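Residue numbers (this note's numbering), protein chains in the order written: chain H, 2 to 225; chain S, 2 to 225; chain B, 2 to 225; chain V, 2 to 225.
Notes follow once the structure below has been shown.
4 protein chains.
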Amino acid sequence: MDSRRAESFSDGVFAVAITLLVFNLLAIGRGALSYRSLADAWPQYAAYVVSFLTIGIMWMNHHTLFGHVRLIDRPLLVLNLVLLMGVVAIPFPTALVAEHLTGPNASGGQPAAVVYGIVMIVISLFYNAIWEYLVRHAGALGTGATRRLLRESMPMLGGKRLPGLRVPRWSIGLGGYLAGVVVALAGFPAWALAIYGLLAVFYLFNHLPEPVTADEAAQAPPAP
Amino acid sequence: MDSRRAESFSDGVFAVAITLLVFNLLAIGRGALSYRSLADAWPQYAAYVVSFLTIGIMWMNHHTLFGHVRLIDRPLLVLNLVLLMGVVAIPFPTALVAEHLTGPNASGGQPAAVVYGIVMIVISLFYNAIWEYLVRHAGALGTGATRRLLRESMPMLGGKRLPGLRVPRWSIGLGGYLAGVVVALAGFPAWALAIYGLLAVFYLFNHLPEPVTADEAAQAPPAP
Amino acid sequence: MDSRRAESFSDGVFAVAITLLVFNLLAIGRGALSYRSLADAWPQYAAYVVSFLTIGIMWMNHHTLFGHVRLIDRPLLVLNLVLLMGVVAIPFPTALVAEHLTGPNASGGQPAAVVYGIVMIVISLFYNAIWEYLVRHAGALGTGATRRLLRESMPMLGGKRLPGLRVPRWSIGLGGYLAGVVVALAGFPAWALAIYGLLAVFYLFNHLPEPVTADEAAQAPPAP
Amino acid sequence: MDSRRAESFSDGVFAVAITLLVFNLLAIGRGALSYRSLADAWPQYAAYVVSFLTIGIMWMNHHTLFGHVRLIDRPLLVLNLVLLMGVVAIPFPTALVAEHLTGPNASGGQPAAVVYGIVMIVISLFYNAIWEYLVRHAGALGTGATRRLLRESMPMLGGKRLPGLRVPRWSIGLGGYLAGVVVALAGFPAWALAIYGLLAVFYLFNHLPEPVTADEAAQAPPAP
């Protein structure tokens, strides 16, 4: 199947999922409304912003991922469908965090922040799985770049090592979400949300290497 | 009318319908939230996963179906509209099953699982009707393959016989959903949902024959 | 502006609006669920089917309308936006009718069916306004057909006269919705919904004249 | 990244956000329904119309903005994402205004109208920021027009001066929303909503200068 089909369907799903986040805000202002009640709803705004930026980044990375290939086969379609199943679920932990960080239901803040982190970790793992599949089946999927070049240009979750460190860069994302889960379990769910937000901002402004094309690969000097 | 128009509209409807499934999850965690209440919501997660995979497969098959034709006429538009009417309704039986499998409303689990199966059977029949229409009007719809070749390549619901059996393959889908309805009527609605989920997984990993094109048909050896 | 831009945005709006109709169904089965309660919800199913077919037809006619032009100017964009404002509102009278035809709130069935008809009449009038605009500015909008040919091929609401009658065909639609409003005011809101449904089915199966292109117009024999 | 990708994703977000406004209307008619209760819901209709036209205009201006460029880089993607975060939030102040202008919760009308204005001001500022970015990076983003020509053709918020005035035109939009906030703070939230609506109608019918292309710029006479 031509990969544009799946990309355009995925784009639609991303666009609807990101827009449904507004339902978090719509819960504000039922009943009485005052400047005080609007200010007390800060977890709703915070959760909205963090999840909006997170889905936005995921959409960008989705494009970078599928920009590598021209074709898509059945296993890749299935992997993509499961990935989307995670993305579409994001408004759920978002609502959990927004409703339980403060107020009468604040005892639920800890499980809410833990669920949020777990959903993000699962999505990250599926991004990794799709990338691995792309790298291993590069030829059949219509990309001419060699496996090593592809692996080195892996976006966000990628194998590109940070300068001076021997830890692959994608560990930052997974490690950050794991740290958020630990912080939530330690009893600080609001700080966990702050960590998730910082991860989103970090990836927003971190310009990642674009995929190398077959032409560029042919002209590239031999890697050391 | 050019078939791409109808396909792109259908893609939008599929994308919105699959994303609206998250409203099932949003019902979790109203009021108090704990790890226990999150675990008790397993029917919500199960119904979400089953319906997500099911709509995803239906989207793939929709593409395979309409990949056969370049044009679309008024009867086909009407058939497609009625098919979409079924797909868009899927969040309804999903919510029924999710809310009534367990808990205080568990007496409704049986009718919920029956309604789920009936909606799936109706959708399957409309997929069949569209396929029949495509096969019978292949020429006018811009496909050059012969009727017999088209019939043999019917996706999912197709006329391709299983090895060693004289039963057409689409009987599996219809038979499976019928079995789910019977199991639900016998008093085991959770097992009915498990059957619906297995059907989705079966079709996900079952690589179905792609449509034959006119060129391939011309080069194909005469069928026995 | 290129008309494809506005068409693709409109397609998205139609796709979301038609899919949001499922929220009518989601109201069923809150609380206890039984075969009886499922059967008692027939106004929900009826309203869902009628509105789904109606929006589906409106989408088809929208394509036929904008299939006449290549360009779109600011007044046409504004007319289209107001038309979409009516289409997006359809789930509102749909919910009114579904919730108030029967049950404890049945006294609201009459105003509900009246509102439904009025929304449809307003939408029909805007389709007419767009058509008039298209006909009058045919040259500037990139269609080569003459004004008279365009007017005669007006879809659904069109000036094509019914055989043996001197009444333009679009009177059927407007007249039908007006009749529904009158029937509702007379105290029979369920019959009004039946009339709205019959109108949808009538237009589904009524193959309307496709727009004539400039080439066809040039080859057409002089009209009598 | 090719700018069409981001535009098509943005179109999807706009289409879903504008359609979700119908949820404001769906709150009408819960419980008893009568012609009186329908008439009493006028703030719902007013808020629906104002927000629908406003999002519609924003979609048109979004197209005009991105019609200037062929490419899109990471900072522009981030700016666009934050802009969309504002657009998606519009149903929230819309619901606040609709629910609190009249009725038992009318004391919340003032903060509701203030929040509405603030959201609009924030969105306007981000439109300005995107425009500034486009003007400053015109070369790298694939537009050949000079910076001054681009600046003069800025849509809606633009630097084109009104005849006889030395105030840039975009001050009207920002000034109007600021005036609405002041009017709301003075205790007249319904008049604030009227101002927001007049701003939308003003921009609907105000034909703004289309972006100049590189070719036009080359042929343009030297500006005085």
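Backbone N, C-alpha and C define an ideal beta-carbon position, used for all residues, glycine too.
Just so we're clear, the structure is a prediction, and the values are computed from it rather than from any experiment.
Contact between the stretch 85 to 104 of chain H and the stretch 51 to 59 of chain H (3+ Cβ pairs under 8 Å): yes
Sub-9 Å separation of LEU1(H) and SER11(H) beta-carbons: Only positions 2 to 225 of chain H appear in the structure, and residue 1(H) is not among them; the question remains open.
First and last residue of the uninterrupted alpha helix (DSSP H) at HIS138(V): It is not in any alpha helix (DSSP H) - HIS138(V) carries neither H nor E in the DSSP assignment.
Outcome for SER4(H) when other beta-carbon atoms lying within 10 angstroms are tallied against a minimum of 16: buried
Residues of the stretch 65 to 95 of chain S whose Cβ lies closer than 7 Å to any Cβ of chain B, in chain order: ARG75, LEU78, VAL79, LEU82, MET86, VAL89, ALA90, PRO92 and PHE93
Cutoff 9 Å: ALA130(B) Cβ touching any chain V Cβ: no
Residue ranges of each alpha helix (DSSP H) within the stretch 69 to 111 of chain V, 4 or longer: 75 to 90 and 92 to 101
Best match in ARG31(S), ILE196(S) and PHE203(S) for proximity to SER108(H) [C-alpha to C-alpha]: ARG31(S)
Cutoff 9 Å: MET157(V) Cβ touching any chain B Cβ: Because MET157(V) sits at a pLDDT of 43, beneath the cut-off of 50, its placement in the model cannot be relied upon, and the following sentence gives the value as read from the coordinates. Judged by the 9 Å Cβ criterion, MET157(V) is not in contact with chain B.
Contact set between TRP60(S) and chain H, taken where Cβ atoms lie within less than 7 Å: PHE10
The stretch 36 to 49 of chain S touching the stretch 38 to 48 of chain H, judged by at least three CB pairs closer than 8 Å: no
Own chain residues within Cβ distance below 6 Å of LEU200(H), not counting five before or after: GLY177
Opposing strand residues paired with ASP3(H) [DSSP bridges]: LEU72(H)
Min CB distance LEU205(H) to chain V below 9 Å: yes
Neighbouring residues, chain S, relative to ARG6(H) (Cβ below 7 Å): HIS64
Contacts around HIS101(V), its chain only, beta-carbon distance under 7 Å, and the 5 residues preceding and following it disregarded: ALA107, GLY109, GLY110 and ALA113
Interface partners of THR20(B) on chain S, CB under 7 Å: VAL14, VAL17, ALA18, LEU21 and VAL89
Where ALA234(S) falls: helix, strand or coil (DSSP): Lying outside 2 to 225, the shown extent of chain S, residue 234(S) is not represented and no answer is given.
Cutoff 9 Å: ARG137(H) Cβ touching any chain V Cβ: no
Cβ pair count under 8 Å reaching 3, the stretch 114 to 122 of chain S against the stretch 59 to 79 of chain S: no
Pair within 9 Å by beta-carbon distance, GLN45(V) and ALA130(V): no
Selection from ALA47(S), ARG75(S) and ALA16(S) that minimises the alpha carbon distance to LEU205(B): ARG75(S)
C-beta contact flag for GLY87(V) and VAL123(V) at 9 Å: yes
Pairwise C-alpha distance: ALA16(V) and GLY57(H): 17 Å
Pairwise C-alpha distance: ALA48(B) and LEU194(B): 7 Å
CA-to-CA distance, LEU26(H) to ILE19(S), given in whole angstroms: 22 Å
The stretch 109 to 128 of chain H: positions lying closer than 7 Å to chain S by Cβ: GLY109, PRO112, ALA113 and VAL116
Beta-carbon proximity list for GLY104(S), same chain, < 7 Å, skipping 5 on both sides: none
Proximal chain H residues relative to LEU97(V), where beta-carbon distance stays under 7 Å: GLY30 and LEU34
Selected residue, minimal CA-CA separation from LEU80(H), among GLY181(H), ALA7(H) and VAL202(H): ALA7(H)
Chain V residues whose Cβ lies nearer than 8 Å to that of VAL51(H): None at all; the shortest Cβ gap to chain V is about 11 Å.
Residue-level contact to chain S via CB, PHE189(H), 9 Å cutoff: no
Cβ-based neighbour list, TRP60(V), same chain, cut-off 7 Å, excluding 5 preceding and 5 following: PHE15
Which listed residue (LEU175(H), TYR197(H) and GLU133(H)) has its alpha carbon closest to that of HIS69(H): GLU133(H)
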